[in-house]
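Trainee:
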């Protein structure tokens, strides 16, 4: 008699699961969306997909009786996707319209701007400090 | 002894999306997959590469550019040049002053 307790469900290997997830990322459907038709115009959205995962395991040393003192394993992963362009098919022809991620561009501009300002400020401070006499020089001049 | 097939660490391949057929042309989007497979980790990067258009017997490819990445690279490059050029000029001037 087969009961739920006796029934053994085969467990998938985590590595195989990870590889199957990668295979999903590698399929064309992950990057190219369903074509949207509006009159004579067809639009295919394109996006970039990236995915990464890692896993590891380890065990502790053996005790006096030869039993393992401990073991552990863990894993993690992440995925991201963002729109890159749109393919527009019309009666006149096919063209690719890029998609600009304004938030990313503004953040990169702000970060670079702040970095430039700090660096230039540091250069000016260095120049000023090289012109000004140091405290040790002032002390020596007072002593003499 | 059975020999096991080893998967390559770096695997680059092309994928083709479903072809869209309009009145006089066939459009097929093409993507590129870069996969890095290690025993303990794996990374996959898939991005659109081009569009292949087949029209009246001729086939041509339109490249798909990642505009956002290009703009960000340009901003970062401009920032580095803006910082490095005054620094290099200052260093050269200081060395000249020391030698003279």
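Protein chains in written order, with this note's numbering: chain L, 282 to 425; chain H, 11 to 110.
Think of the CB as a built atom: it goes at the ideal place given N, C-alpha and C, for glycine as much as any other residue.
In three-state terms, what does DSSP make of residue 312/L?
Mentor: Note: residue 312/L maps to coil in three-state DSSP.
Trainee: Work out the CA separation of residue 315/L and residue 76/H for me, nearest whole Å.
Mentor: Taking the straight line from one Cα to the other gives about 20 Å.
Trainee: Starting from the beta carbon of residue 92/H, find every residue of chain L whose beta carbon is closer than 7 Å, and list them in chain order.
Mentor: 397, listed in chain order.
Trainee: On a CA-only basis, which of 106/H, 70/H and 61/H is nearest residue 42/H? Give me that one, please.
Mentor: Checked all of 106/H, 70/H and 61/H; the closest Cα to residue 42/H is 61/H.
Trainee: Check whether the Cβ atoms of residue 355/L and residue 334/L sit closer than 8 Å, and answer yes or no.
Mentor: Result no, Cβ atoms of residue 355/L and residue 334/L do not sit closer than 8 Å.
Trainee: Consult DSSP for residue 48/H and reduce its assignment to one of helix, strand or coil.
Mentor: Reduced to three states, the DSSP call for residue 48/H is coil.
Trainee: To which residues of the same chain is residue 336/L closer than 6 Å at the C-beta, ignoring the five residues directly before and after it?
Mentor: Closer than 6 Å at the Cβ level, and outside the excluded window around residue 336/L, lie 356.
Trainee: To the nearest angstrom, how far is it from the Cα of residue 290/L to the Cα of residue 362/L?
Mentor: Low per-residue confidence applies at residue 290/L: pLDDT is 49, beneath 50, and the placement is therefore not dependable, though the value from the model is reported in the following sentence. Those two C-alpha atoms are separated by around 33 Å.
Trainee: Which chain H residues sit within Cβ distance under 7 Å of residue 451/L?
Mentor: The displayed coordinates of chain L run from 282 to 425. Any statement about residue 451/L would go beyond what the structure contains.
Trainee: Residues in the stretch 332–363 of chain L with C-beta within 7 Å of chain H's C-beta atoms, listed in sequence order?
Mentor: Result list: 332, 333, 334, 335, 336 and 337.
Trainee: Tell me the residue span of the alpha helix (DSSP H) that contains residue 83/H.
Mentor: Counting along the chain, the alpha helix (DSSP H) containing residue 83/H begins and ends at 77–109.
Trainee: Helix, strand or coil: how does DSSP classify residue 422/L here?
Mentor: It is helical.
Trainee: Going along chain H, which residues have a C-beta under 8 Å from residue 373/L?
Mentor: None at all; the shortest Cβ gap to chain H is about 11 Å.
Trainee: For residue 35/H, I'd like the list of residues in its chain whose CB is within less than 7 Å of its CB, leaving aside the five on either flank, ordered along the chain.
Mentor: Same-chain partners within the cutoff: 63, 64 and 65.
Trainee: Taking only beta-carbon atoms, is residue 423/L less than 8 Å away from chain H?
Mentor: Closer than 8 Å: no.
Trainee: Does the Cβ-Cβ distance between residue 78/H and residue 386/L come in under 8 Å?
Mentor: Closer than 8 Å, so yes.
Trainee: Taking residue 377/L and residue 368/L to be in contact with their CB atoms under 8 Å, please state how far apart those CB atoms are, rounded to whole angstroms.
Mentor: Indeed they touch by this definition, with Cβ atoms about 6 Å apart.
Trainee: Which residues does DSSP list as the beta-bridge partners of residue 40/H?
Mentor: Residue 40/H is bridged to 26/H and 60/H.
Trainee: Residues in its own chain within less than 8 Å of residue 52/H by CB, not counting five upstream and five downstream?
Mentor: Once the five neighbours on either side are set aside, the close Cβ partners of residue 52/H are 45 and 46.
Trainee: Judging by CA-CA distance, which residue of 308/L, 338/L, 325/L and 311/L is the nearest neighbour of residue 29/H?
Mentor: Nearest of 308/L, 338/L, 325/L and 311/L to residue 29/H, Cα basis: 325/L.
Trainee: What separation, rounded to the nearest whole angstrom, lies between the Cα atoms of residue 416/L and residue 405/L?
Mentor: For residue 416/L and residue 405/L, the distance between alpha carbons rounds to 19 Å.
Trainee: What residues from chain L crowd round residue 98/H, counting only those whose CB sits closer than 9 Å?
Mentor: Going along chain L, no residue has its Cβ under 9 Å from residue 98/H, so there is no contact; the nearest lies around 11 Å.
Trainee: What residues in its chain sit with their C-beta under 8 Å from that of residue 27/H, if we drop five residues either side in the sequence?
Mentor: Cβ within range, chain order: 38, 39, 40 and 41.
Trainee: Please check if any C-beta of chain L sits within less than 8 Å of the C-beta of residue 53/H.
Mentor: Judged by the 8 Å Cβ criterion, residue 53/H is in contact with chain L.
Trainee: Using a beta-carbon distance cut-off of less than 8 Å, what residues from the stretch 69–80 of chain H approach chain L?
Mentor: So the close ones are 72, 73, 74, 75, 76, 77 and 78.
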